[in-house]
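Here's the structure we're looking at; comments come further down.
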Amino acid sequence: MLPTGIGVRTSASLAQENSGTVNVDGSGIGLAFQTTTGDQIENDLDMSQSSGLVVNLNGTGGTGILANTRDGATVKSGASVNINKADGGSALVVNNFAKRGDPERKSDFIINDCCSGTGGEGK
Numbered sequence: 197m198l199p200t201g202i203g204v205r206t207s208a209s210l211a212q213e214n215s216g217t218v219n220v221d222g223s224g225i226g227l228a229f230q231t232t233t234g235d236q237i238e239n240d241l242d243m244s245q246s247s248g249l250v251v252n253l254n255g256t257g258g259t260g261i262l263a264n265t266r267d268g269a270t271v272k273s274g275a276s277v278n279i280n281k282a283d284g285g286s287a288l289v290v291n292n293f294a295k296r297g298d299p300e301r302k303s304d305f306i307i308n309d310c311c312s313g314t315g316g317e318g319k
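Adding 196 to a residue's 1-based position in the sequence shown gives its number in this note's numbering.
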């Protein structure tokens, strides 16, 4: 089933470096990497230099970034996701068995959780 309320949906990776702000109100998705029918994509995703890209989850049950990738795909993100409610949802959802490009390096993905008092870099 294809989710509703997607800010940006693409079946290709964005450029390595991106900037801008995507606001998600309610249970929508900020960035969805999937086909038009909601199926998995075949390519790797590399937005590793996208520190200027911010997704704000302002509602309940949203998703910052959804990567519906094939098994073995590499997913890299330098984007930030701000979860602005206690029940705001998931910062990053990766379907299937994706891998990081460099297993020795922590992800540049930053999760800012307003309500639990925690946050930090993904691993």
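Ideal Cβ positions, reconstructed from N, Cα and C, are used throughout, including at glycine.
Contact check, residue i vs residue j, beta carbons under 8 Å
| i | j | result |
| --- | --- | --- |
| T270 | D240 | yes |
| G248 | V220 | no |
| T259 | I225 | yes |
| G274 | S223 | no |
| T206 | N252 | no |
Neighbour-count burial assignment, residue i, 16 or more Cβ in a 10 Å radius
| i | result |
| --- | --- |
| K272 | buried |
| G268 | exposed |
Nearest to residue i (by Cα), restricted to the options the options
| i | options | result |
| --- | --- | --- |
| V290 | N264, M243, S247 | N264 |
| V250 | G257, S207, A287, N292 | A287 |
| T231 | I225, S246, A208, G258 | A208 |
| F229 | G216, A211, G222, Q245 | A211 |
| A282 | L262, G201, S276, N254 | N254 |
| R266 | G285, S276, N280, N292 | N292 |
For residue j and residue i, believed in contact at Cβ under 8 Å, the rounded distance
| i | j | result |
| --- | --- | --- |
| N214 | M243 | 6 Å |
Residues bridged to residue i (per DSSP)
| i | result |
| --- | --- |
| L227 | V204, I261 |
| S286 | T259 |
| T217 | V250 |
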